[in-house]
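Novice:
Residue numbers (the numbering used here): 5 to 573.
1) Note the first and the last residue of the continuous alpha helix (DSSP H) segment covering residue 280.
2) So, using beta-carbon positions, are residue 310 and residue 281 closer together than 8 Å?
3) Give me, in chain order, the residues of the same chain whose beta-carbon lies closer than 8 Å to that of residue 410; leave out the 5 immediate sequence neighbours on both sides.
4) At 4 residues or longer, what runs of the alpha helix (DSSP H) sit wholly inside the stretch 160 to 188?
5) Report the rounded CA-to-CA distance for residue 137 versus residue 245, giving the unit in angstroms.
6) Expressed to the nearest angstrom, what Euclidean distance is found between the alpha-carbon atoms of residue 114 and residue 150?
7) Residues in the same chain with beta-carbon distance under 7 Å from residue 379, minus the five sequence neighbours each way, listed in chain order, please.
8) Could you tell me which of 73, 449, 521, 399 sits nearest to residue 228, measuring between CA atoms?
9) Should residue 407 go down as buried or exposed, given a rule of 16 or more other Cβ atoms within 10 Å for buried?
10) Report the residue from 163, 157, 189, 446 whose alpha carbon sits nearest the alpha carbon of residue 170.
11) Output the distance between the C-alpha atoms of residue 542 and residue 351, rounded to the nearest integer angstrom.
12) If you scan the stretch 329 to 358 from start to end, which runs of the alpha helix (DSSP H) of 4 or more residues do you find wholly inside it?
13) Residues bridged to residue 290 by DSSP?
14) How about the stretch 101 to 112 and the stretch 152 to 168: do they share at least three Cβ pairs that are nearer than 8 Å?
15) Could you tell me the distance, in whole angstroms, from the CA atom of residue 118 to the CA atom of residue 58?
16) Going along the chain, which residues of its own chain have a beta-carbon closer than 6 Å to the beta-carbon of residue 437, five neighbours each way excluded?
17) Which term fits residue 98, buried or exposed, when burial requires 16 or more other beta carbons within 10 angstroms of its beta carbon?
18) Quick one: complete alpha helix (DSSP H) runs, 4+ long, within the stretch 438 to 519?
19) Compare the C-alpha of residue 540 against each of 354, 231, 172 and name the closest.
20) What's the C-alpha gap between residue 340 and residue 234?
21) Is the distance from the Cβ of residue 329 to the Cβ of residue 511 below 8 Å?
22) Based on Cα-Cα distance, which residue from 494, 153, 167 lies nearest to residue 177?
23) Which of helix, strand or coil does DSSP assign to residue 118?
24) Tell me the DSSP secondary structure of residue 3 in three-state form.
25) Determine the DSSP secondary structure at residue 136, reduced to helix, strand or coil.
26) Following the continuous alpha helix (DSSP H) through residue 221, name the residue where it begins and the one where it ends.
27) Label residue 181 either buried or exposed according to how many other C-beta atoms from any shown protein chain fall within 10 Å of its C-beta, with 16 as the threshold for buried.
28) At which residues does the alpha helix (DSSP H) containing residue 403 begin and terminate?
29) Looking at the unbroken alpha helix (DSSP H) that takes in residue 105, where does it start and where does it end?
30) Whose C-beta lies closer than 6 Å to the C-beta of residue 286 among residues of the same chain, with five residues either side of it excluded?
31) May I ask you to verify whether the stretch 260 to 272 touches the stretch 303 to 319, counting CB pairs closer than 8 Å and requiring at least 3?
32) Between the C-alpha atoms of residue 96 and residue 467, what's the straight-line distance to the nearest angstrom?
33) Using DSSP with H/G/I as helix, E/B as strand and the rest coil, what is residue 276?
34) Between residue 471 and residue 365, is the Cβ-Cβ spacing less than 8 Å?
35) How is the alpha helix (DSSP H) around residue 192 delimited, first residue to last?
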């Protein structure tokens, strides 16, 4: 009995001590966080760097966990893994919204004579911090719960091919994103706030200008290709033969190594679901791709696209590690880094002048009768279908513009969620001549809306413009690029991108980076020229002439110099 009283007394004493100590620490922490210590802006900047590095370490663990979940985690571990990842995300968010972080930013913001890199880091720290603290404390939790319910409803709706099951959840997510846009703020259009989250500086007005330029010309090009009488798809060049996975892997490893992917700093494995690229950390890039033993083109296009992401991640300078500039400036550049390899280069005639013989040797006798022209025509075939992710590179842009126009009008209040299936069907009929007969091939085909990712879709189309513009600048510096490709030299693209894009990371936003690399901000000119030139040759048609490009306002491109040294559904 006496022992129990002593034990209770001890516990009570320790509880009072712990409470007092905790209160003292909180008071001390509050004093530390809310005061402005006598430190210089440079010292504040260095402390911000230390915190930023800690967040980068957390990002590495989060990415590693996500990679494991995507590739090999057992299904029954999902709930526990979600809690682990949520815990790590919460740790990172607390570091971001810590008042002490804001105090250090305020001190550093009063500094001067910052270098270009320091200025960029401060800009990005301020951007992320200000966006996070503008949201109410419970917003992230509400959003997370709503997305979980939305995803389940979307899957259920797809199983039953019934949009009405998903409709109330979509409406809730739209309202939540309207709320988010109000908290973040915008100048002209609520949709601008959401676009800016994925592509800093992008607005609906800028998208309208670009898309209004390319939409009629792409639709006209599609009509001319259809009217040409040439069956671009022709006979399936892969036939009904079998293409062993190990032989595909060997070929693709050689191909990606030639393009510049470093297998000492990256790996490629079979995807459980969709292809992806994870930048885990310094010198650790992991990509996954799909394999089909009767259609090697699936892995081929997957690997060239993901290789583009991987090369970009591997070549961002090591000294950027832990800094917010250790990434691409926006999704419009991230996807361009992949699309320039997959579409502009990987679908070119000279690319296949070298790689088709290698492919034929690997898979004899499967493709013995396939010529380079056959391969070039087939891999660039027009594929006008209702499903976006299986479309060709021409009609794909129209799929994106349809989604953009719907999102823009939703957030402007011009249309309602009730009208979406009808509007979707009408746009597909008007733009692509397609009849949507069910919800799964129409309004329910994309998962992005179930995630609440409004403002993301336009990045795909803008990336296609950026990749064509970058390729044109690259070819201007290297007019012998096709000859190099045909002879087996594929070193130039990664070298050129390193010098003009990768080495900057997110030091500049996409518009500034495009001006430095090509002399112009993102525009339609080179993209339309690229499409017209390619498809005129393949289908023997006369494409619509492209308006002359206006003179560049700023041209910061330098002559080729010695080289110094980051996912689509």
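Heads up, the beta-carbon is just placed ideally off N, CA and C, and yes, glycines get one too. Bear in mind the structure is a predicted one, so any value in this text is a computation, not a measurement.
Specialist: Considering the structure as presented:
1) It is not in any alpha helix (DSSP H) - residue 280 instead sits in the beta strand (DSSP E) that spans 280 to 285.
2) For the pair residue 310 and residue 281, the CB atoms are nearer than the 8 Å cut-off.
3) Correct list, in chain order: 419, 424, 427, 428, 431.
4) Taking 4 residues as the minimum length, the alpha helix (DSSP H) runs contained wholly in the stretch 160 to 188 are 167 to 188, in order along the chain.
5) Between residue 137 and residue 245, the C-alpha separation is close to 57 Å.
6) Taking the straight line from one Cα to the other gives about 40 Å.
7) Counting only Cβ-Cβ distances below 7 Å, and skipping sequence neighbours, we find 241, 356, 360.
8) Minimum Cα distance to residue 228 is reached at 399.
9) The Cβ neighbour count for residue 407, taken over all protein chains shown within 10 Å, is at least 16; the residue is labelled buried.
10) Comparing Cα positions, the closest option is 157.
11) C-alpha separation (whole angstroms): 12 Å.
12) Listed in chain order, the alpha helix (DSSP H) elements of length 4 or more contained wholly in the stretch 329 to 358 are 335 to 343.
13) 271, 282, per the DSSP bridge assignment.
14) Contact between the stretch 101 to 112 and the stretch 152 to 168 is absent, because fewer than three Cβ pairs lie under 8 Å.
15) Roughly 23 Å between the two C-alpha positions.
16) Cβ within range, chain order: n/a, list empty.
17) Counting every other CB atom within 10 Å of its CB across the protein chains shown gives residue 98 a total below 16, marking it as exposed.
18) As summarised for the stretch 438 to 519, the continuous alpha helix (DSSP H) elements at least 4 residues long and confined to that stretch are 462 to 481, 485 to 491, 496 to 504, given in chain order.
19) Ranked by how close their Cα comes to the Cα of residue 540, the residues 354, 231, 172 have 231 in first place.
20) About 30 Å.
21) Yes.
22) Nearest neighbour of residue 177 by Cα position, chosen from 494, 153, 167, turns out to be 153.
23) Three-state DSSP puts residue 118 in coil, outside helix and strand.
24) Lying before the first or after the last residue shown, residue 3 is absent from the chain, which here runs from 5 to 573.
25) The answer is helix: DSSP assigns residue 136 an H, G or I state.
26) Residue 221 -> alpha helix (DSSP H) spans 208 to 231.
27) Burial call: buried.
28) First-last of the alpha helix (DSSP H) with residue 403: 399 to 416.
29) In the DSSP annotation of this structure, the continuous segment of the alpha helix (DSSP H) that includes residue 105 starts and ends at 103 to 113.
30) Taken in chain order, the residues that qualify are 325.
31) Contact holds: three or more Cβ-Cβ distances are below 8 Å.
32) In a straight line, the C-alpha of residue 96 is about 29 Å away from that of residue 467.
33) If DSSP states are grouped into helix, strand and coil, residue 276 belongs with coil.
34) No, these two residues do not count as a Cβ contact at 8 Å.
35) Element bounds for residue 192: n/a, residue is neither H nor E.
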